Amino acid sequence: MGAILKHSSIHSAAVLLHQGGATAEAVKGGMTQQTLFATASVSKLYTHAIVFRLIDQGLVGYDAELGSLLPAEEVGRLPHGASVTVRQLIDQTTGFADFESERQRDGTVLFEQLLRPGGDRAVDYDDALGILARIPAKRTPGRRAHYSDANAMLLGRVAEAVAGVTIHHLLDEAVCRPLGLTATHYAAAGERVEPVYHGKRAVECGQYLASQTARGGVIATNTELMAFLRAFFNGGLFDPAHIADPVFRPIQFVPLRYGSGMMRLAVPRVLSPLVPAPEIVGHSGTTGSFAFYCPSKDAYVCGTINQIARRPFDVVYRMLATAR
68 MGAILKHSSI HSAAVLLHQG GATAEAVKGG MTQQTLFATA SVSKLYTHAI
118 VFRLIDQGLV GYDAELGSLL PAEEVGRLPH GASVTVRQLI DQTTGFADFE
168 SERQRDGTVL FEQLLRPGGD RAVDYDDALG ILARIPAKRT PGRRAHYSDA
218 NAMLLGRVAE AVAGVTIHHL LDEAVCRPLG LTATHYAAAG ERVEPVYHGK
268 RAVECGQYLA SQTARGGVIA TNTELMAFLR AFFNGGLFDP AHIADPVFRP
318 IQFVPLRYGS GMMRLAVPRV LSPLVPAPEI VGHSGTTGSF AFYCPSKDAY
368 VCGTINQIAR RPFDVVYRML ATAR
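Residue numbering for the sequence shown follows the numbering used here, beginning at 68 and increasing consecutively.
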């Protein structure tokens, strides 16, 4: 299994595979399956699970519009904000720009600023709305998909508004307690977790992680991430009808598609002749985190390579290749 993580850019990693009653693992750099790490945008699966549960409870609906859910002073800062629906937030079809990765009118890019030495800082909800106001919308709501951190951020805000409690409480109530997860939580300021690298350099990102919550702030062990991943796809947290018939639309990160709160990736064999790349659904994150289900193998794979400069999909597929 060590060969799966042999690339020199991977300084530390933990990968876990579950298929039937069997498991397999690969680790590197002193990590174990119990090491706490930043799940980054894999956190969006947790946010979507929370929202699906709130829909099941009748507290919000897919067609509910932000104008009826959030304060006017917040919604008014978003392009077409009042008419954007919960469904569009989940499907990434709001048309909002990705305030983290896209260039603002002054030429700056938030993610580039954060990666610089000493660049770590909190970017809270109000900060994010301000950045969004400085980036033109990419699409008309409800048409094509465009991936944006704003969508999960707003879903977290909606969840708090309709439930009347914090997103931290909802994570515990909707996910952690039902599954018996004792280590999973939202990042706290000053918390130390497994380092994340950009190339050879370890990146300080604690303040930013602590401000992300619903859009990317979940801290977990790989063992607990696997428990969550299996419950997400097996109906252990919400009515499985929510993810039973997704419409996957292309997003800007080719060849990924998005629908029903999940990423989808499938690579034709002609483009991946050495390692099969069948359909996987789930989510990945910019820190090299990932959590995917492979329908054709009925297998789950999750983990992290803690590397911003490298996508984790080759690791995902090499691990899946060891499954039956």
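Cβ coordinates follow ideal geometry from the N, Cα and C atoms, glycine included. This structure is a prediction, so every number in the text was calculated from the model and none was measured.
Helix, strand or coil at residue i [DSSP, three-state]
i    : result
L126 : coil
D381 : helix
T280 : helix
A390 : coil
E140 : helix
R324 : strand
A269 : strand
R183 : coil
V263 : strand
P317 : strand
S168 : coil
M76  : Checking the sequence, you will find Ser at residue 76 rather than Met. Residue state, collapsed to three classes: coil.
H147 : coil
H309 : helix
N-terminal and C-terminal residue of the beta strand (DSSP E) that residue i is part of
i    : result
A219 : It is not in any beta strand (DSSP E) - A219 instead sits in the alpha helix (DSSP H) that spans 216 to 230.
F357 : 356 to 361
E92  : 89 to 95
R331 : 329 to 332
DSSP beta-bridge partners of residue i
i    : result
E346 : According to DSSP, which records beta bridges pairwise, E346 is partnered with nothing at all.
G370 : V82, F357
M98  : Looking at the DSSP assignment, M98 forms no beta bridge with any residue, so it has no partner.
F104 : A287
Y113 : DSSP output for Y113 lists no bridge partner at all.
S351 : F357
Straight-line gap, residue i to residue j (C-alpha atoms, nearest Å)
i    : j    : result
T233 : G128 : 19 Å
T160 : A200 : 18 Å
V337 : R206 : Because the pLDDT of V337 is 46, which lies under 50, any placement of that residue in the model is unreliable, and the number read from its coordinates should be weighed accordingly. Distance between the alpha carbons of V337 and R206: 32 Å.
P184 : D130 : 43 Å
A80  : L182 : 20 Å
R331 : I347 : 6 Å
D365 : G87  : 8 Å
C272 : S168 : 15 Å
I71  : E227 : 40 Å
A281 : Q171 : 23 Å
N373 : H78  : 8 Å
T90  : A217 : 35 Å
A254 : D239 : 13 Å
L145 : T251 : 31 Å
N- and C-terminal bounds of the alpha helix (DSSP H) containing residue i
i    : result
L199 : 192 to 199
H235 : 234 to 238
L156 : 153 to 158
Contact check, residue i vs residue j, beta carbons under 8 Å
i    : j    : result
A212 : D158 : yes
I375 : G355 : yes
Y214 : D165 : yes
F178 : A204 : no
V82  : V382 : yes
F300 : Y360 : yes
R324 : P317 : yes
V136 : V229 : Position check: residue 136 holds Leu in this sequence, whereas Val was assumed. Taking 8 Å as the Cβ cut-off, L136 and V229 qualify as a contacting pair.
V109 : G352 : yes
Residue i: CB within 7 Å of a non-hydrogen atom of the ligand FMN
i    : result
A217 : The ligand content of the structure shown is nil, which means the ligand FMN is not present either.
CB contact below 8 Å: residue i versus chain C
i   : result
M98 : In the structure shown, chain C does not exist; there is a single protein chain.
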